[in-house]
């Protein structure tokens with residue numbers, strides 16, 4: 004029996020509406036998904052880099068850049084509202100059934116992560132290897148401004164109010180730094196992916212990224228900002 008111990012799974016469905024063809028649209032000279040595939044391969048951590056897709060063109064480009072696409076993602080896991088965890092669970096089950104093996108570690112890597120680096124993937128993998136109490140390790144970055152002093156607009160009066168007014172006079176440097184999901188990768192143990200409903204509530208370790216290596220890419224404006232930031236980082 005051939006044992007595939009560690010795989011990367013890149014969810015990449017077709018049919019993106021806000022940025023048509025987002026996963027394979029050219030980004031600074033190559034298809035967007037190529038950056039995720041190449042970073043995974045450079046890390047030398049994975050027995051396979053698997054792209055989970057319902058789109059034949061995405062599968063073709065993924066294979067061209069060194070990934071595999073050994074199954075077609077089911078229609079019920081390919082709409083706008085499908086969460087990530089069911090897609091990863093399906094990939095785990097499909098690979099194990101096809102190859103008659105059991106996985107140990109799985110890394111979900113988003114297809115739109117051009118700032119992803121092999122060292123960051125290695126750091127997340129090392130976190131799980133060194134601490135058996137952990138279920139997940141994923142990328143985070145810090146907020147640029149203290150979240151304790153965040154504001155909202157009162158829908159009734161249209162006035163600005165603080166979410167936490169008790170911190171109105173607290174110096175920024177005295178407030179605890181806060182982090183958010185960087186949306187690049189999520190390492191996890193095989194059983195954790197299959198059994199956990201929320202990796203943020205599980206035993207998870209952070210891989211802290213600098214803010215200049217993180218950019219959401221959900222709108223055309225995001226895309227433009229990401230390309231500018233990417234080019235800046237190449238200088």
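Residue numbers (this note's numbering): 4 to 238.
Here a beta-carbon is modelled for each residue, glycine too, at the ideal position from N, C-alpha and C.
Given that a residue counts as buried once 16 or more other Cβ atoms are within 10 Å of its Cβ, and exposed if not, what is residue i?
i           : result
residue 176 : exposed
residue 133 : exposed
residue 202 : buried
residue 38  : buried
residue 156 : exposed
residue 183 : exposed
residue 123 : buried
residue 148 : exposed
residue 140 : buried
residue 25  : buried
residue 165 : exposed
residue 191 : buried
residue 194 : exposed
residue 227 : exposed
residue 210 : buried
residue 112 : buried
Which residues bound the alpha helix (DSSP H) around residue i?
i           : result
residue 87  : 87 to 102
residue 62  : 59 to 67
residue 229 : 223 to 237
Flag this pair as yes or no: are the beta carbons of residue i and residue j separated by less than 8 Å?
i           : j           : result
residue 116 : residue 55  : no
residue 138 : residue 42  : no
residue 71  : residue 52  : yes
residue 104 : residue 12  : no
residue 74  : residue 9   : no
residue 144 : residue 76  : no
residue 109 : residue 91  : yes
residue 69  : residue 98  : no
residue 95  : residue 197 : yes
residue 64  : residue 22  : no
residue 181 : residue 217 : no
residue 2   : residue 27  : Any property of residue 2 remains undetermined from this structure, which presents the chain solely from 4 to 238.
Can you tell me which residues form a DSSP beta bridge with residue i?
i           : result
residue 12  : 53, 111
residue 141 : 189, 209
residue 34  : 29
residue 75  : 56
residue 165 : 154
Could you check what DSSP says for residue i in three-state terms: helix, strand or coil?
i           : result
residue 29  : strand
residue 106 : coil
residue 132 : helix
residue 159 : coil
residue 154 : strand
residue 120 : coil
residue 201 : coil
residue 218 : coil
residue 170 : helix
residue 175 : helix
residue 248 : The first residue shown for the chain is 4 and the last is 238, placing residue 248 beyond what the model contains.
residue 40  : helix
residue 195 : helix
residue 48  : coil
Can you tell me where the beta strand (DSSP E) with residue i in it begins and where it stops?
i           : result
residue 191 : 182 to 192
Measuring from the CB of residue i, is there a heavy atom of the ligand GTP at a distance below 7 Å?
i          : result
residue 89 : Annotation note on the ligand GTP: not contained in the displayed structure, which lists no ligands.
Please check if any C-beta of chain D sits within less than 8 Å of the C-beta of residue i.
i           : result
residue 216 : Absence of chain D from the displayed structure is noted, only one protein chain being present.
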